[in-house]
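FYI, in my numbering the residues of the sequence shown are 1382 to 1727.
Just so it is clear, CB atoms sit at the ideal spot from N, CA and C, and this is done for glycine as well.
Structure first, then comments.
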Amino acid sequence: MQTQVTLRRPDDWHLHLRDGELLKAVLPATTQHFARALVMPNLVPPVVTAADAESYRQQIQRAIPPASPFEPLMTLYLTEATQPDDVAEAAQSGLIKAVKLYPAGATTNSDSGVTDVTRVTAVLEKMAEIGLPLCVHGEVTDADIDIFDREAVFIEKVLDPLRRRIPGLRVVMEHVTTIEGVNYVSENDQSLAATLTTHHLMINRNHIFAGGIRPHYYCLPIAKREQHRLALRAAAVSGDSSFFLGTDSAPHLDDAKESACGCAGVYNAPNTLSCLAHVFEEEGALDKLEGFVSLHGPAFYGLPVNTDSITLEKRSTPLAADEKLQTASGPLTVFDPGHALYWHVV
Ligand code: DOR
Ligand code: ZN
């Protein structure tokens, strides 16, 4: 039985770091294991201009633990007022690595997002011209569409028509949660990729309601049926370079989660690599873990792979990780996969 795996140091291609005190509280869990992370721009107010991204980057930089070489990779939040030249300058200076499309109203802090993608054509055409990826929250927002169908409908009604209209546009379908998403990405060319979260590989929609309502498993896109979870796992371990890790670690304080109208988001940064080693071992695919967490993402984004490495070791004693992170504003619950984890980052 394999009890050790050494990988080039991983990157997280979809991460919510927040700002202020919460940023300081959650950042060390990521910098401990990851070399880089693509930082989501859905702050309040959102990161919409190059100037916003530069000031957010500096705030993150100040919160990085001393001596850590961690590098935040910045994104811009696409609005209907986004200027193509501002985006192009931010990309050309190296400040941003992607632009994020939130359909307005789709998820946490998405109110300033896009109501109709045809209204941002000029920005998307500029991005296609300069090769800057668009990261997409792929769910329609129409209340008439069932929450479990919103990703599949988005692909058919929004994403596929958009990619046909602007064929050079490079797109990452973020946190794919369905068979339809997996198939759409695997059947398409190198201009399309997808991130997969840790938690969607481990829970299906039943976990959200097992013995009562479990707000810490509520995120968007919502976890789907078991058949979808199995398709995501198959994609993650397939070795197909179109799929890579984006944890979507999205911290919300317990009082915001455990509420009559709880926020969407799973905070998984602290134990993500232990979870993933568990999943890849279950799938008999530990040899595919490095591609998924360390190689496919940089290849898509045209960045060098990391040069140092980390080792995971399977021990007989379970990971004694804290269930909660105590922050200045209150506790924050860490993702619980529902069973012990034996893979330790050493
Ligand atoms: O569950 C989610 N939480 N999905 C998102 O798209 C946003 C995120 C957040 O920022 O909390
Ligand atoms: Zn997210």
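Using a Cβ distance threshold of 7 Å, GLY1519 and GLU1532 count as a contacting pair. Nearest neighbour of MET1583 by Cα position, chosen from PRO1427, GLN1571 and LEU1722, turns out to be LEU1722. The Cβ atoms of SER1449 and THR1412 sit closer than 7 Å to each other. PRO1427 is the residue among PRO1427, ALA1416, PHE1625 and ASP1703 whose C-alpha sits nearest the C-alpha of SER1491. Around LEU1601, the same chain offers THR1488 and ALA1645 as residues with beta carbons nearer than 6 Å, after the five sequence neighbours per side are excluded.
Closer than 6 Å to some heavy atom of the ligand ZN: that describes the Cβ of MET1421. The beta-carbon distance between PHE1673 and ALA1612, rounded to whole angstroms, is 15 Å. This is too long to meet the 8 Å contact definition. When secondary structure is reduced to three states using DSSP, LYS1695 falls in the strand class. The ligand ZN never approaches ASP1541 closely enough for any of its heavy atoms to be under 6 Å from the residue's Cβ. In this structure, ASP1629 has its CB closer than 6 Å to one or more heavy atoms of the ligand ZN. Within the segment 1624-1663, the beta strand (DSSP E) runs of at least 3 residues that lie entirely inside it are, in chain order, 1624-1626. Around the beta carbon of HIS1677, a 10 Å sphere encloses 16 or more other beta carbons of the protein chains shown; the residue is thus reported as buried.
The closest heavy atom of the ligand DOR lies 6 Å or more from the beta carbon of HIS1597.
Distances from the alpha-carbon of TYR1598 to those of CYS1642, ALA1524, LEU1706 and PHE1716 put PHE1716 closest. When only Cα atoms are considered, GLY1549 and PRO1465 end up about 16 Å apart. One thing to note: PRO1453 has its Cβ no nearer than 7 Å to the Cβ of ARG1443.
A distance criterion of 6 Å places the beta-carbon of THR1489 in contact range of the ligand DOR, judged by its closest non-hydrogen atom. Counting C-beta atoms within 10 angstroms of its own C-beta, ASP1629 has 16 or more neighbours from the protein chains shown and is therefore classed as buried.
Between the segment 1701-1719 and the segment 1623-1639 there are three or more C-beta pairs closer than 8 Å, enough to call the two in contact. Per DSSP, the unbroken alpha helix (DSSP H) holding HIS1581 starts and ends at 1579-1583. Of the other Cβ atoms in all chains shown, fewer than 16 fall within 10 Å of the Cβ of VAL1727; this residue is therefore exposed.
Taking the CA atoms as reference points, ILE1477 sits about 29 Å from LYS1669. For HIS1397, the shortest C-beta to heavy atom distance toward the ligand DOR is below 6 Å.
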